[in-house]
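Residue numbering for the sequence shown follows the numbering used here, beginning at 1397 and increasing consecutively.
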Amino acid sequence: MGLRRLVAICWIICRYRLDTLIPAEKLPLRVRLLLRCGPWRLFPRRHYNSGERLRCALENLGPIFIKFGQVLSTRRDLLPDDISEELAKLQDQVPPFASDVAVAAIESALGKPIAELFAAFDHQPLASASIAQVHTATLHNNIDVVVKVVRPGIERTIAADIRLLQTIAVLVQRYVPDGRRLRPVEIVEDYRHTIFDELDLKREGGNTSQLRRNFKDSEVLYVPEVYWDYTRRNVLVMERIHGTPVTDIQALREQGTDMKKLAERGVEIFFTQVFRDSFFHADMHPGNIFVAHNRPASPQYIAIDCAIIGSLSDFDQYYLARNLLAIFQRNYREVAELHVECGWVPPETRVHEFEAAIRSVSEPIFEKPLSEISFGKLLLNLFQTARRFDMEVQPSLVLLQKTLLNIEGLGRQLYPQLDLWATAMPFLERWVRDRYSPQSMLKRVSHRLPGWLEQLPHLPETLLERGTPSKHNAGDDLRHKGEIGLIVREQAARARNQRIAIVALICAAVIANPDLRQVLRDLPDSSIVLFGIAFYFFIRSR
């Protein structure tokens, strides 16, 4: 199956003469001779322009390649206009499959005829994408909905493409000089999970419901409601929304939309999802984003297609926020130290050299409007820096990086003068300040309280066991290792664990008692900070 797919890909490349899109003068002589003498030269050039040929090729190659085209369509600063315009059609103009096939799939999944399920059903698709297509309908209670149905047989095509990508990833990791650092096998495996999750519309429905709860009653983002009685693995029914596509700049201006505020709110939504919720829409190409009609002075986004959702661990959130803040503040020394501290570069990295390299890449981007910043060139420079310092690609951040590219492309279209840094920096500063405030720390402690209380009855026995050094440790370690310092350190660690347990018991007792909680709430922040400092020195004491 993999060999057949590879042959099919080569056939499509030849059929649409994609070799003509490569600037041959920038290639090595050997590659230029191969392009000049290859079998694709036997195929005539079609009467399509470059963008049409690339779009048609991606459509024929299937959903994985269509997704790639969707990402490229937002990068108008990197692509010629004709290619950008054609790739934009991949967002919701992929050729549909037959409506009778869609109806059969819906009836099979929901177990009833279309007439019993809906008061009205439009057999003409509203939109067609790489994974599924959408039809409009009306429920019997007169609620307008959209019905999303997965393309039949799409799993087999995706599985074949994934196997091909896995083979390519292994070859890249084995034979390309930077292959191991780029971790292509892990990235392909991560993408395999992502795209197969996208085929499960119940998962998309769950993501949509969660995102809707996160932004309930929000003025900046609206997420439609999911109707779970009509939702299955391959069918999703949700509220029909009415809005202007975010790419229709002329329509947005005609209805008086505040374009500056719209662009700023896009940045606000992204950082809120990443840092407040750690739950962000990771497929934010323009085909999935609309703007509400009824509030042009205070524009509100509408988000659909929540199949791909990203999240970050507390560790990644913390280091990402601190890195971004340090870059915004031009504290390149801290950026370099953070990269070493969190393991993104080897521990033996020379911090002062890494700092100088980051400065040379980051300094040119400041104090410029978005229209004058080429993030494509910035990413290229960062990649070159990564090669020099052996920085590894972080698979957990791949979706975030992809979403950042989409956000930049969208912001560039909406309001080229947007100062992305000035918009994002106050948000990050506020997030770091709030996250480590006494109130926030107390809230996180209260979340862990049930688990601590569950372990509380066993704590005295644990303390006694840890506080009594065994003969084996005291004798064997001295006899076999001859390291008295090791025993001393172990005893100090046991004592420190005891002090930590005592502090935990005190905190648990305070939080469990409503009267003590009220007293704590009435205390000024300075007193809470002093208590925290006292506990810290108590734990660290010898």
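Ideal placement from N, C-alpha and C gives every residue a C-beta, glycine not left out. Computed from a prediction, not measured in an experiment: that's the story for all the values here.
For V1543, the enclosing beta strand (DSSP E) has its first and last residue at D1540 to V1546. Q1669 counts as buried, since at least 16 other C-beta atoms from the protein chains shown sit within 10 angstroms of its C-beta.
Annotated three-state conformation of F1461 is helix, per DSSP. Secondary structure note for M1655: it is in no beta strand (DSSP E), and the uninterrupted alpha helix (DSSP H) holding it is M1655 to F1667. For the 8 Å CB-CB criterion, F1675 and S1707 form a contact.
Close CB contacts of V1543 within its chain, under the 6 Å cut and outside five residues either way in sequence, are with H1531, A1533 and V1633 (chain order). Taking a contact to require three or more Cβ pairs closer than 8 Å, the region 1652-1667 and the region 1819-1828 qualify as touching.
V1687 is the residue among F1514, D1712 and V1687 whose C-alpha sits nearest the C-alpha of Q1696.
With fewer than 16 other beta carbons inside 10 angstroms of its own, N1537 counts as exposed.
Straight-line measurement puts the Cα of I1704 at about 15 Å from the Cα of R1608.
A1516 sits in a strand when the DSSP states are folded into three classes. Secondary structure of A1678 (DSSP, three-state): coil.
DSSP lists S1524 and V1545 as the beta-bridge partner residues of Q1529.
Counting of Cβ neighbours within 10 angstroms places V1642 among the buried residues, the total reaching 16 or more. Annotation: S1833 to S1605 spans about 30 Å, alpha carbon to alpha carbon. Taken atom to atom, the span from the alpha-carbon of D1593 to that of L1561 is near 18 Å. With respect to the C-alpha of R1636, the residue from L1658, K1656, I1700 and I1462 having the closest C-alpha is I1700. The beta carbon of P1620 lies closer than 8 Å to those of T1604, R1608, M1634, E1635, R1636, I1637, I1698 and I1700 in the same chain, with the five residues before and after it left out. Rounded to whole angstroms, R1718 and D1596 show a C-alpha spacing of 35 Å. DSSP places V1499 inside the alpha helix (DSSP H), whose first and last residues are S1495 to L1506. Residue state for V1622 is assigned as strand, using DSSP reduced to three classes. Rounded to whole angstroms, the gap between the alpha carbons of K1657 and R1570 is 48 Å. Selection R1729, F1785, L1716 and I1460 evaluated against P1743 yields F1785 as nearest (Cα-Cα). Your pair P1548 and A1501 checks out as a contact, with CB atoms roughly 6 Å apart and the cut at 8 Å.
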